[in-house]
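A.B. asks: Can you keep this structure in mind? I'll have questions shortly.
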Amino acid sequence: MGLIALLAACNHPDVPTGAQQESRLPRIYPDYTEVTIPYNICPLNFAVQEGAEEVVANLKYPGGELTYGKEQKVQIEEDEWKNIMKASKGKSIEVDVYAKIAGTWKVFKPFNIYVAEDSIDHYISYRVIQPSYVAYERLSINQRNLTNFDEREIYSNMSVSTESTGQCINCHSYQNYRTDNMLFHMRQGFGGTMLVTHGELRKIDLKTNETLSAGVYPSWHPTKNLIAFSTNKTGQSFHTKDLNKIEVQDTESDLILYDVEKNEVSIISELDDELEVFPTWSPDGKKLYFCSAHFEYKNDSLAKETEMIQRYTEVKYDLYCADFNPETKEFSNLEKIYNAADSLGQSVTLPRVSPDGRYLLFAQAEYGCFHVWHADADIYMMDLATRKVQKLDAVNSPRSESYPSWSSNGRWIMVDSRRDDGNYTRPVLAYFDKSGKAHKAFALPQKDPYFNTFFLRSFNRPEFMIEPVTITPQEFAKKAKEDAVPAKYARR
Amino acid sequence: MRIQIKYIYLSAFIIVAYILLPVMNADYLYTIQDNNVFISGHTFMMDVVDHQGGWGSWIACYLTQFFYHPWLGSTILIALWALIYLLTLQLFNIKDKYSPLALILPLLLLFNVLDYGYWIYYAKTPGFPFLPTLILLFCLLFALLLLPLLRRTQHGKWLNELLPVELCMLAGAITLIFIFPPQQINILNNHRPSFLTTLSDKNFKHEMRMYRALDEFRYDDVIKEMEAYEKEASASRKESEADIDFPTNLMVIYKNIALMQTGRLDRMFELNNCGTIPKQNNGPEIHISQLGSALIYYQFGQMNFAFRRAMESAVKYGLSFRNLKMMARTALMNREFDMAEKYLSMLKTSTFHREWAKEHERWLMSSTDFLQSMEYQTLAPLMHDDANTLDDDHGLCDRFLLQHFAELPQANTPLLEDVALCMSLWAKNDYAFCVHFYDYAHAHPEETIPHLYQEAAILLGTAENSPIEMNDFRFDPLVSDKFNRFVSTYNTLLQQGLSEKEMGKRMWEPFGSTFWWYYYFYTDFTLY
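Here the protein sequences line up with chains A and B, keeping their order. Numbered per the working numbering, the first sequence finishes at 1324, counting up by one with no gaps. Numbered per the working numbering, the second sequence finishes at 724, counting up by one with no gaps.
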């Protein structure tokens, strides 16, 4: 009993007495001050960056209070956190932070953590990759359980090949947040698209003679077994001075529709002088949103890649919408719904419609299509009922924000952000309330608060999922080694 | 008291190992640790343990960092080998007179460490110098611990005799399956012996010393190293009348950076400027992009490209102190302070690079310290050379830099004037030199034109259709007389029917330090 009491005392330090009051909030990392969180998320562990020898955080929640703190870190026991969340649902937790600095305890202005009554999807998945340029070596697509700290590989490229036969894996995508219909691409070594339909795994080659490339950026139709893809001829070049460092540019791009059942590819849009990209369906499947940049090559004596490099700042994408008849698979009524290029001199990418069909999130920056490398990129939202666009200040930072997505209940936004250091992309989450207001974004919690500091890979393309991927990495690897089944081309 | 002979053999081995490691190859061992990394903390540990060779690699990474002080890392390694020797004696119950047999494994391990040569830049397995030693040690300890237990249950004599071997094999299998997953020990798949490179290739050693001196901004030491090379090369030429010995491209680049940063770039041809690809036996396919391009870009003020090369190297060949420091430095110079802080936080957890990190961390706190730092003061003049452009070096940093600076539209500082002129000559870009030469002459009408530029102007000005009008300039008679002698000697040798190679050899002694010799006889400018 004595030992248990001692251990409990170690886990829950005493609240320091006689601490000097500080009138400001404590500097904590990640910044969880005044954030709204889902009641089912894992503990919000944080570090106190006050140069303290010791810290104590006193969490006051409805019906109790608990203290945590060891050296500079506040790491909360998972079972206790669950109880705190249960008691705080729809309410808030007040956090007093104490820091012993040069032998003197100080207590900072308390902050609140608001606990929403809305839950968050249990899983997210992302690609884990070094923010490198041309080289890649070890890539994996991982799934993370948001209710705890478990992270598992869905697939790792090292399981089938390395070195010169190494493969790039990218663009994982799910139908309606479920994993029995999902896909991701493999390029170079053992190339093809890994497609899971009704839990069955196939490997498809989406490149046909009539299309620009294999499918690239995907979007699953919500009700039909159809996937819209962009096809892209992509290149990259490097800034000698600009801190954006890289430009990833499409010299050509179109849109295609892939019929999963028939294994058929057809063209949605391949307009001359238009760079169509980033298709995304409305939740009812009756509209397809996408981005397109009008770009006319002017110099026949130059290769397209060269001219694109010279005129890269002129490439600006607008937002379009087309009606879709899921029965006939016909598109109609193409409409530019956001004229970002001409009227604002801006470029819109990565549109995503909220599950209720009311709002559309997108990333916007001055030019180009690869906003993860554009420090000025921010997340904006269009109210599709009024077509009014607003910048989501609560979600944005002075650095790059891109790849927005919605949780399945539409109450949480996830964005890929480089806010910490400008180079490593981390998912941040933000509450989106029923009135259409986004709340302060917070970092994906990690067991070690300094994980993001010491981890030298990015989390790219974070996607919500309501269930984990159950196909094992070994099953994916086995299939990856097989030849891809070529898709057929179907004229529309 | 009689000393057992097994300890005499061990002492002899230790002496040999010390001579071959910290005495003869200190720079090599330092470079190995520089291309290794060990970060304290859970995140790094799990990253290595989960993916890159298990706990063994993590321990090996920890131990490799001690090569920062080559004698210290060597002492640890030699102590482990001594342990292997003693365990082998005990496990196989080897009699004293046969004890040299137990030295076979430590000798092989010693050979293994010396065997890498240029592979040290390409090895992907973290902590590779200590890995084989740790594997073997684990096998021996495993066998030794289980042996007494199993001997109690075994009765057959032959089985008893073979038991240590069986146990070692079992331990080896366990090691490879659980501790060092085989797919991760990639160096074993790719490695080809290059023992001679490590022990005898002087340029390999010069490169390592010059890199370190450049990394520490000890430019005079870089030049001294090149002068030492010249002395060796000259001595060997005199002894054997051998062909002209060329330094490696890297040595030439390092030397020229040092000359540039000490305001003596116009001396670039006085120290051998004829780079060549390193000669090696069975080494890897080497590229400057992996060997030193990040530091080269950094020293030329090309921060984005330096960062890129450090990052790409970390991606392809694993994180290293070298990469991490470069990423921190370039972030500092680019004023990406949060990013710099991230890398410095990691470096601060290391045993031997902590002070470096703390020193650079001060720049985050104080912009005055940063702006007054020697590093910033040295590099800043090169960082404002032009506007941003989109470009790519396609893995060839020397070609990129030569083209970039030779074609500089505006050399608007004295340093950039020299760099533009000298890079034009280095690249044998006649047109670019002529443009920069006129700019230089107009900008400094009252000053004496440095001899190197006069040499080049005389040579190019006498060519047909040259844009340089010789009458516009006053040339030093010393230079023009020497040029006349060069032409006369050249014509004489030509009339004697000598091959170009032979002519170059004959003209090396009197004219090897001129641009003219470089221009006519250095034709083997291989990029790698």
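Every residue gets a Cβ at the ideal spot worked out from N, C-alpha and C, and that includes glycine.
(1) Can you name, in chain order, every residue of its own chain whose Cβ lies under 6 Å from the Cβ of residue 494 of chain B, other than the five neighbours on each side?
(2) Given a threshold of 16 other Cβ atoms within 10 Å of its Cβ, counted over all protein chains shown, does residue 199 of chain B qualify as buried or as exposed?
(3) For residue 1141 of chain A, return the contacting residues in chain B, with the cut-off set at a CB-CB distance below 7 Å.
(4) To the nearest angstrom, how far is it from the Cα of residue 628 of chain B to the Cα of residue 612 of chain B?
(5) Counting only runs of 3+ residues fully inside the segment 1112-1177 of chain A, write out the beta strand (DSSP E) ranges in chain order.
(6) Could you give the first and the last residue of the continuous alpha helix (DSSP H) run that contains residue 252 of chain B?
(7) For residue 1255 of chain A, return the contacting residues in chain B, with the cut-off set at a CB-CB distance below 7 Å.
(8) Within 7 Å (strictly less), CB to CB, does residue 522 of chain B reach chain A?
(9) If you measure beta-carbon to beta-carbon, which residues of the segment 605-628 of chain B are closer than 9 Å to chain A?
(10) Return yes when at least one heavy atom of the ligand SAH lies under 6 Å from the C-beta of residue 589 of chain B, else no.
(11) Determine whether the Cβ of residue 1073 of chain A lies closer than 7 Å to any Cβ atom of chain B.
(12) What are the residues in the segment 1298-1324 of chain A lying within 7 Å of chain B by C-beta distance?
(13) Quick one: grab the DSSP three-state call for residue 421 of chain B.
(14) Three Cβ pairs or more, each shorter than 8 Å: is that satisfied between the segment 1071-1089 of chain A and the segment 1100-1120 of chain A?
(15) Which residues bound the beta strand (DSSP E) around residue 895 of chain A?
(16) Start and end of the beta strand (DSSP E) containing residue 1293 of chain A?
(17) Taking 8 Å as the threshold, find out whether the segment 393-405 of chain B comes into contact with the segment 415-429 of chain B through three or more Cβ pairs.
(18) Are the CB atoms of residue 1021 of chain A and residue 998 of chain A within a distance shorter than 7 Å?
(19) Which one of B:720, B:714, B:472 and B:515 has the shortest CA to CA distance from residue 962 of chain A?
(20) Does residue 1077 of chain A come within less than 7 Å of chain B when only Cβ atoms are used?
(21) Is it a yes or a no for the segment 290-303 of chain B touching the segment 225-242 of chain B, going by three-plus beta-carbon pairs under 8 Å?
(22) Below 8 Å on the Cβ atoms is my contact criterion, and I expect residue 1232 of chain A with residue 1203 of chain A to pass it. Report the Cβ-Cβ distance as a whole number of Å.
(23) Quick check: the Cα distance between residue 380 of chain B and residue 321 of chain B, rounded to an integer number of angstroms?
(24) Can you tell me whether residue 1364 of chain A is buried or exposed? The criterion is at least 16 other CB atoms within 10 Å of its CB, across all chains shown.
(25) Check the Cβ-Cβ distances between residue 1280 of chain A and every residue of chain B, and say whether any is below 7 Å.
(26) Which residues, taken in chain order from the segment 1143-1160 of chain A, show a beta carbon closer than 8 Å to some beta carbon of chain B?
(27) Could you work out which residue in B:663, B:651, B:660 and B:686 is closest to residue 670 of chain B when comparing CA atoms only?
(28) Is DSSP giving residue 193 of chain B helix, strand or coil here?
(29) Would you tell me roughly how many angstroms separate the C-alpha atoms of residue 1243 of chain A and residue 308 of chain B, rounded to the nearest one?
(30) Provide the residue(s) that pair with residue 1018 of chain A in DSSP beta bridges, ordered along the chain.
(31) In angstroms, rounded to a whole number, what distance separates the CA positions of residue 1323 of chain A and residue 598 of chain B?
(32) Is it a yes or a no for the segment 576-594 of chain B touching the segment 1070-1087 of chain A, going by three-plus beta-carbon pairs under 8 Å?
(33) Beta-carbon within less than 7 Å of residue 1055 of chain A's beta-carbon, same chain only, minus the 5 sequence neighbours each way: which residues are those?
(34) Determine whether the Cβ of residue 930 of chain A lies closer than 7 Å to any Cβ atom of chain B.
(35) When you compare each of A:987, A:848 and A:1305 to residue 886 of chain A by their alpha carbons, which one comes out closest?
(36) Strictly below 8 Å CB to CB, what residues from chain B border residue 1097 of chain A?
C.D. replies: According to the structure data:
(1) Once the five neighbours on either side are set aside, the close Cβ partners of residue 494 of chain B are 502.
(2) exposed
(3) 586
(4) 14 Å
(5) Qualifying beta strand (DSSP E) stretches, in chain order: 1119-1126, 1149-1157 and 1162-1170.
(6) 250-260
(7) 535
(8) no
(9) none
(10) In the structure on display, the ligand SAH does not appear, and there are no ligands present to speak of.
(11) For residue 1073 of chain A, the nearest CB of chain B lies under 7 Å from its own CB, placing it at the interface with that chain.
(12) none
(13) helix
(14) Segments in contact, yes.
(15) Segment: none, residue 895 of chain A is in no beta strand (DSSP E) and carries neither H nor E.
(16) Where residue 1293 of chain A is concerned, the enclosing beta strand (DSSP E) stretches over 1290-1297.
(17) yes
(18) yes
(19) B:515
(20) Answer yes: the Cβ-Cβ gap between residue 1077 of chain A and chain B drops below 7 Å somewhere.
(21) no
(22) The Cβ separation is near 6 Å, so the contact holds.
(23) Confidence is the limiting factor: at residue 380 of chain B the pLDDT is only 43, short of 50, which leaves the residue's position unreliable and the question unanswerable from this model.
(24) Since the first residue shown for chain A is 833 and the last is 1324, residue 1364 of chain A is missing from the structure and cannot be characterised.
(25) yes
(26) 1144
(27) B:651
(28) Residue coverage of chain B in this structure runs from 197 to 724, which leaves residue 193 of chain B outside it and unanswerable.
(29) 59 Å
(30) According to DSSP, residue 1018 of chain A bridges with A:1001 and A:1024.
(31) 52 Å
(32) Output reads yes: the segment 1070-1087 of chain A touches the segment 576-594 of chain B.
(33) 1117 and 1158
(34) no
(35) A:848
(36) By Cβ distance, chain B contributes nothing, its closest Cβ being about 32 Å from residue 1097 of chain A, past 8 Å.
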